Amino acid sequence: MTDIVVFGEDFGGLPSSTQHIVKRLAANHRILWVNSIGLRQPKLDSKDIQRALNKLTRVFHNVGSHKPTLDSETNPNIHIINLLTIPAPSSALARKVAAKMMKHQLNKQLQALGFDKPVFWTSLPTAADLCAEMNPRGLIYYCGDDFSALAGVDHDTVAKHERTLVNAADVIFTASDKLATQFPSGKTVTLPHGVDFSLFSEPAPKAEDFPNNGRKVLGFYGSLSEWLDYDLIAQVADQAPDWDLVFIGPNEFSDNPLPQRSNIYYLGPRAHHTLPRYSQHWDASWLPFVDNAQIKACNPLKLLEYLATGTSVISTPFPALMPYKHMLHIVQNVEDVCASLAHLIPPPANSKQYVQQQSWEARANQVEKLVRTL
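Going by our numbering, the sequence shown opens with residue 1284, and the numbers climb by one from there.
Structure representation (structure tokens):
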């Protein structure tokens, strides 16, 4: 049984594709999950300061106990740790110091767990130097975003780390065909997102805070960040007053107010397993994205989750939609959105069967076959 060390975001919350896959791999592998080591240097604002304090608390808990945290909710084979480091180091000296710091801490955890020559999986380019220091059995880079266009990262710094990582990686997985074109074809494999089909397709009770105004509901869940088209959202709210617009997810803006209308509801973040209590009960799901480089390279997790509910889906266009375009309402502007709302057509009858085949189990099996070759 090959052990796997994973560098990803902080474990928990809304799960990433890496979390979904790793939870399935944990049936046959021991996993050491390293919480985020950062994609940018922290700012001196309340949000980053609080996050840093929380991370320091968890780091010193690890150091004091010498034991990783178990993810008992999913699988006792998943162990979670935090490493003290310099977030997104840019200079050669800072990169070297950060790698040495993390190597010392990580070796202690590997020894405590009895991991021997594990495979490393990283979805963060900033783990490149540490991976080089550790000499793993094999190195997998999972690229889920175009980091050169991703909001909230130090682009130049991350690009340098990514070049190092790409050269060292044995296998590169990408979430979309668009991303795959950025990497060497001989070791790059497109690994589209999967879906927890049973969670989103099996009937769930309506959430207690679901709007109940006698109006139809157009819903979205995910981060409220720069990649949403807030002008379009405001226009739809104004031109479709007989619809409520519901948004679930964290507000990533500190100084950019979200559109305020009597028929727009911001419900805040919700646990992933509770999302069907909303998405199964609104009348249409939507993806109101802006047209930028990040969105052109993205493959949003929520697309298959939306389709698994059998609810109509409205989306602005981007390349990853193409395999599903016959199942969607693709819109360019507010007139298109309002026309779709007036004549909602659910996905074709066979779409659920197709979506069911795109399970996370199927994606994990694809990864499993490659892990065995490393």
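Even glycine gets a Cβ: it sits at the ideal position worked out from N, Cα and C.
All figures in this text were calculated on a predicted structure; none of them were measured in a lab.
For the options Ser-1431, Pro-1571, Thr-1557, the alpha carbon positioned closest to that of Ser-1508 is the one of Pro-1571.
For Ile-1531, the closest of Pro-1524, Trp-1569, Ala-1520 by C-alpha to C-alpha distance is Trp-1569. Contact between Ala-1382 and Leu-1413 holds: their C-beta atoms lie close to 5 Å from each other, under 8 Å. Here the C-alpha atom of Asp-1492 lies approximately 11 Å from the C-alpha atom of Val-1529. The distance from the Cβ of His-1362 to that of Ala-1411 is about 22 Å, inconsistent with a contact at the 8 Å cut-off. In its chain, beyond the 5 residues on either side, Trp-1643, Arg-1646, Ala-1647, Val-1650 have a beta carbon closer than 7 Å to the beta carbon of Ile-1304. Of the candidates Pro-1524, Asp-1574, Asp-1399, Ser-1484, Asp-1399 places its Cα closest to the Cα of Val-1288. Distance check between His-1556 and each of Pro-1486, Ser-1406, Asp-1525 places Pro-1486 closest, using alpha-carbon atoms only. In terms of CA proximity to Gly-1421, Val-1402 leads the group Ser-1598, Val-1402, Leu-1433. At the C-beta level, Pro-1631 and Met-1605 stay beyond 8 Å of one another. Assignment of beta-bridge partners to Asp-1527 by DSSP yields Val-1500. By the neighbour-count criterion, in which 16 or more other beta carbons inside 10 Å mark a residue as buried, Gln-1522 falls on the exposed side. Looking at the backbone, the Cα of Asp-1439 and that of Arg-1446 are separated by about 11 Å.
Following the DSSP letters along the chain, one finds His-1444 inside the alpha helix (DSSP H) bounded by residues 1438-1451. With fewer than 16 other Cβ atoms from the protein chains shown falling within 10 Å of its own Cβ, Phe-1536 counts as exposed. For Cys-1414, the enclosing alpha helix (DSSP H) starts and ends at 1411-1417. When only Cα atoms are considered, Asn-1390 and Ser-1595 end up about 49 Å apart.
Where His-1362 is concerned, there is no enclosing alpha helix (DSSP H), although the beta strand (DSSP E) around it starts and stops at 1361-1364. Comparing C-alpha distances from Ala-1567 to each of Ser-1623, Ala-1520, Phe-1601, Val-1573 shows the shortest one belongs to Ser-1623. A residue is called buried once 16 or more other Cβ atoms fall within 10 Å of its Cβ, and Lys-1489, having fewer, is exposed. Every alpha helix (DSSP H) stretch that sits fully inside the stretch 1547-1634 and reaches 4 residues is listed by chain position as 1559-1562, 1576-1580, 1584-1591, 1617-1625.
When rounded, the separation of the alpha-carbon atoms in Gln-1641 and Val-1478 is 6 Å.
Inter-residue distance for Trp-1510 and Ala-1591 is about 23 Å (C-alpha atoms, whole angstroms). Looking at the backbone, the Cα of Gln-1392 and that of Phe-1480 are separated by about 35 Å. Per DSSP, the continuous alpha helix (DSSP H) segment holding Val-1519 begins and ends at 1513-1522. Per DSSP, reduced to three states, the secondary structure at Phe-1466 is coil, with no helix or strand assignment. In summary, Pro-1629 is exposed, with fewer than 16 beta-carbon neighbours lying within 10 Å of its beta-carbon over all protein chains present. When the five nearest sequence neighbours on each side are left out, the beta carbons in the same chain lying within less than 6 Å of the beta carbon of Phe-1503 are those of Phe-1530, Trp-1569, in order along the chain. Residue burial annotation: Ala-1463 is buried, with at least 16 other C-beta atoms found within 10 angstroms of its C-beta. Burial is judged here by how many other beta carbons sit within 10 angstroms of a residue's own beta carbon; Ala-1371 has at least 16 and is buried. In summary, Asp-1437 is buried, with 16 or more beta-carbon neighbours lying within 10 Å of its beta-carbon over all protein chains present.
Counting only the Cα atoms, Ala-1458 lies some 11 Å from Ser-1406.
Classified as exposed, Arg-1655 has fewer than 16 neighbouring CB atoms from the shown chains inside 10 Å of its CB. The DSSP-derived three-state label of Trp-1643 is helix.
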